[in-house]
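Trainee:
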Amino acid sequence: MRPVSVWQWSPWGLLLCLLCSSCLGSPSPSTDPEKRAGSQGLRFRLAGFPRKPYEGRVEIQRAGEWGTICDDDFTLQAAHVLCRELGFTEATGWTHSAKYGPGTGRIWLDNLSCSGTEQSVTECASRGWGNSDCTHDEDAGVICKDQRLPGFSDSNVIEVEHHLQVEEVRIRPAVGWGRRPLPVTEGLVEVRLPDGWSQVCDKGWSAHNSHVVCGMLGFPSEKRVNAAFYRLLAQRQQHSFGLHGVACMGTEAHLSLCSLEFYRANDTARCPGGGPAVVSCVPGPLYAASSGQKKQQQSKPQGEARVRLKGGAHPGEGRVEVLKASTWGTVCDRKWDLHAASVVCRELGFGSAREALSGARMGQGMGAIHLSEVRCSGQELSLWKCPHKNITAEDCSHSQDAGVRCNLPYTGAETRETWYWDSGNITEVVMSGVRCTGTELSLDQCAHHGTHTTCKRTGTRFTAGVICSETASDLLLHSALVQETAYIEDRPLHMLYCAAEENCLASSARSANWPYGHRRLLRFSSQIHNLGRADFRPKAGRHSWVWHECHGHYHSMDIFTHYDILTPNGTKVAEGHKASFCLEDTECQEDVSKRYECANFGEQGITVGCWDLYRHDIDCQWIDITDVKPGNYILQVVINPNFEVAESDFTNNAMKCNCKYDGHRIWVHNCHIGDAFSEEANRRFERYPGQTSNQII
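FYI, the numbering for the sequence shown is -25 to -1, 1 to 672, going by mature numbering (1 follows the signal peptide of the UniProt record, and there is no 0).
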């Protein structure tokens, strides 16, 4: 490891922070240098690589000895304090698991706990200086905002001696530069150095080197190149070599982690007898279409994947989930590192891992935690090939769910910012009928009307628009509670006037002999968790909520959930719906505070880490099954069915149960979230023939 210069730019800051720095909860202590108490006797620096000038591994010098900080209990609030110690206004993020490489020497701080308003890290709680049970594989880092404190001048902040490093790598096509389809998969390897782009000498170049380069550029694997063609081509071109002697093991996440040498400025004979290094990368299935390799990819038989990512805002990032015994579960973050994360990324058709995420940074899962202490060498073809431990519920919690961010190929389709402008001068609508699944890389890949647009309202005020965000909520229904609380009630009609007014009964209720008789209702509780990375808020603000006099409350969303009874072939025989008359935090996880409460016309929503409980005994928390005949059915509950509020994952919004109704009683069982089972288990569920008796096993 070689230390490098400190202040650099990071392309991975949260987009939301471009719009509002308060989105990261940045505290606002005094920034007047004369008023800062400072950390007397301490010096600070950022180190490690690859990185940018304002990010890196945090190192502190105390009593003349440099040391690091363990990532246990590290938070964004601690990063804010440390960034101010380093002369920046605030932090935009933090890293764990020695993202910038492991440090050396002492680990000065462990279990660091800051509120974010401290003027010095010495004011934060910890286990004490030098008291740690961590290794340098757990060194913490920070990503600071590239903005210095006004008038900041502190001799306690030092920069590390500058050394050359490989910050960026690209593939340049040998012919047709600028005319090749994206992503570029084959060409000369070039590295960016301080004086520009340079080639790499191919003497000693190996398949391991190609594997690392392809992984950095978002490709899961590499293939052989036509060496004779490139040798011939090299004789006709001028080259500028900046790097030689590259020797990778193949498991590195970045070329800078490989053994390599830079040419010195006075080296006149560069790469004698050699040529520029060339790689040919194999794109994953998601990117094969644009690179012309889709047909080849489809010819290979594909079984069901046993690893997936959930909860990410982009392709190639999310919470890691694995399939075991036909059920999806999460992975505990103990000993989770870049090697294991890279195995996941490549297995899913992406490149090597850019980050190995811990602490449920991509949201918490529900249900089983299948794996813990996964230890990969980086050469495995599947996460299941890595040594690991099977765990019990006592060993780990979902607050420790592991996640990844993978390297992706450059396709030219990224949207980095959202712009607003007056559309009054726009005279043409170029696309209509757009229908996307959500997995497309660009709008052109979605189904639409083609070159002939059909737009009933052609005025510019009817053109589509978006607001982009890096985070979103993710709602999930507690399926076990539905199964535990389901029962039938015969409710007298004279008690259902308000329910009828809010359309919570079957259509046949209109012709009933009111107020005599009753309706048969299937009741159950609905506990809805927000496991995402942003609060779930109603689409409309309070000014547009609708007052319902009968029940005496406002509706913030007319349709919040759909309740359906389906036949085994999917025919709907009964339905219900629930308006969000009160979205609030009923309960929260231990370390999360409630933010939303409906009382006194309060703000409505569901905080990350909290849940909203609709009890079985409140109005409209039912399905009217008065007209349903005895038989075997499927109970289905869908949250946010009209996609009115953004979520990071809509595939887990539906819950299904098998149920048997004999005309008097109902048995509800096998309740599960729609994406919780394997494909084969879901097929068995769909083919379920029903119970031959009332005994449920």
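Where is the CB? At the ideal position from N, CA and C, for every residue including glycine.
Bear in mind that the values here come from a model prediction, so they are computed numbers and not experimental data.
Locate the beta strand (DSSP E) running through Q174, then write down its first and last residues.
Mentor: Segment 171 to 175, the beta strand (DSSP E) holding Q174.
Trainee: Excluding the 5 residues preceding and the 5 following Y491 in the sequence, name in chain order all residues of the same chain whose CB lies nearer than 7 Å to its CB.
Mentor: L468, listed in sequence order.
Trainee: Could you give the first and the last residue of the continuous alpha helix (DSSP H) run that contains G190?
Mentor: Here the alpha helix (DSSP H) through G190 covers 182 to 191.
Trainee: Looking at P158: is its Cβ nearer than 7 Å to the Cβ of P362?
Mentor: No; because the gap between Cβ atoms is not below 7 Å, this pair is not in contact.
Trainee: Alpha carbon to alpha carbon, what distance is there between T428 and E445?
Mentor: Near 31 Å, if we compare the C-alpha coordinates of T428 and E445.
Trainee: I need the straight-line Cα distance from L(-11) to V188, nearest angstrom please.
Mentor: With a pLDDT of only 31 at L(-11), under the threshold of 50, the placement of this residue in the model should not be trusted; the figure read from the coordinates follows. Distance between the alpha carbons of L(-11) and V188: 27 Å.
Trainee: If you count every other CB in all the chains shown that lies within 10 Å of the CB of A549, and 16 or more means buried, which is it?
Mentor: It counts as buried.
Trainee: Shortest alpha-carbon distance to L84 belongs to which of G342, D121, R37?
Mentor: Of the candidates G342, D121, R37, the one whose C-alpha sits nearest the C-alpha of L84 is R37.
Trainee: Only counting the same chain, and skipping five residues up and downstream in sequence, which positions put a Cβ closer than 7 Å to that of G387?
Mentor: Same-chain partners within the cutoff: L157.
Trainee: Going by the beta-carbon positions, is the gap between A66 and V144 smaller than 7 Å?
Mentor: Their beta carbons are not under 7 Å apart, which means A66 does not touch V144 by this criterion.
Trainee: Ends of the alpha helix (DSSP H) at Q52?
Mentor: Segment 51 to 60, the alpha helix (DSSP H) holding Q52.
Trainee: Scan the stretch 445 to 478 and note each continuous alpha helix (DSSP H) run of 4 residues or more that stays entirely inside, going in chain order.
Mentor: 454 to 460, 472 to 476, all fully within the stretch 445 to 478.
Trainee: What does the Cβ neighbour count give for W522, buried or exposed, with the cut at 16 atoms within 10 Å?
Mentor: Result: exposed.
Trainee: For Q502, which residues does DSSP report across the bridge?
Mentor: Paired residues: L588.
Trainee: Enumerate, from N- to C-terminal direction, the unbroken alpha helix (DSSP H) stretches of 4 or more residues contained entirely within the stretch 189 to 221.
Mentor: The qualifying runs are 202 to 209.
Trainee: Is N669 helix, strand or coil when you go by DSSP?
Mentor: For N669, the pLDDT reaches just 40, beneath the cut-off of 50, and the residue's location in the model is therefore unreliable, although a value from the coordinates is still provided. Coil at N669, not helix or strand.
Trainee: Buried or exposed, going by whether 16 or more other CB atoms sit within 10 Å of the CB of Q174?
Mentor: The residue in question, Q174, is buried, as its Cβ has 16 or more Cβ neighbours within 10 Å.
Trainee: Under 8 Å Cβ to Cβ from P616, same chain only, skipping five residues before and after it: list those, please.
Mentor: Cβ within range, chain order: I534, T536, H537, N628.
Trainee: How is the alpha helix (DSSP H) around F660 delimited, first residue to last?
Mentor: Unbroken alpha helix (DSSP H) run through F660: 654 to 661.
Trainee: For the candidate residues G286, R659, H373, whose alpha-carbon lies nearest to that of D624?
Mentor: When only C-alpha atoms are compared, the closest one is G286.
Trainee: Around the C-beta of G291, are 16 or more other C-beta atoms found within 10 angstroms, so that it is buried, or is it exposed?
Mentor: Buried: at least 16 other Cβ atoms inside 10 Å.
Trainee: In chain order, what residues of the same chain lie with their CB nearer than 6 Å to the CB of C176, ignoring the 5 residues before and after it?
Mentor: For C176, where only same-chain residues beyond five positions count, the Cβ hits under 6 Å are F216, H219, C246, G249.
Trainee: To which residues of the same chain is C99 closer than 7 Å at the C-beta, ignoring the five residues directly before and after it?
Mentor: The residues are A53, V56, L87, S88, C89, E93.
Trainee: Do you know how far the Cα of P513 is from the Cα of D592?
Mentor: If you take the alpha carbons of D592 and P513, they lie about 24 Å apart.
Trainee: Counting along the chain, where does the beta strand (DSSP E) carrying A22 start and finish?
Mentor: Here the beta strand (DSSP E) through A22 covers 17 to 22.
Trainee: Given I671, which residues of its chain have a CB within under 6 Å of its CB, disregarding the five upstream and five downstream residues?
Mentor: With a pLDDT of 40 at I671, under the threshold of 50, the modelled position of this residue cannot be trusted; read the value that follows with caution. Once the five neighbours on either side are set aside, the close Cβ partners of I671 are W642, H644.
Trainee: DSSP three-state call for A422: helix, strand or coil?
Mentor: In the structure shown, A422 sits in a strand (DSSP, three-state: E or B).
Trainee: Out of V603, K631, G606, T601, which one is the CA nearest neighbour of I614?
Mentor: The option with the nearest alpha carbon to I614 is K631.
Trainee: On the CB-based measure, 16 or more other CB atoms within 10 Å of its CB, does M532 come out buried or exposed?
Mentor: So M532 ends up on the buried side.
Trainee: Output the distance between the C-alpha atoms of P276 and A484, rounded to the nearest integer angstrom.
Mentor: Its pLDDT being 44, under 50, P276 is placed unreliably by the model, and the measurement read from it follows with that caveat. Answer to the nearest angstrom: the Cα atoms are 53 Å apart.
Trainee: Please list, in chain order, all residues of the same chain as E661 whose beta carbon is under 7 Å from its beta carbon, the five residues on each side excluded.
Mentor: So the list is empty, once near-sequence residues are dropped.
Trainee: Does DSSP classify V603 as helix, strand or coil?
Mentor: In this structure, V603 counts as coil in the three-state DSSP scheme.
Trainee: Please confirm whether R81 and E34 have their CB atoms less than 7 Å apart.
Mentor: Their beta carbons are not under 7 Å apart, which means R81 does not touch E34 by this criterion.
Trainee: Which residue or residues does DSSP assign as beta-bridge partners of D282?
Mentor: The sequence shown places Val at residue 282, rather than the Asp named in the question. Answer is V297, bridged to V282.
Trainee: Please report the straight-line C-alpha distance between R239 and V295, rounded to a whole angstrom.
Mentor: Those two C-alpha atoms are separated by around 43 Å.
Trainee: Please name the residue, chosen from Q502, R283, P605, that lies closest to T626 on a Cα-to-Cα basis.
Mentor: Among Q502, R283, P605, the Cα nearest to that of T626 belongs to R283.
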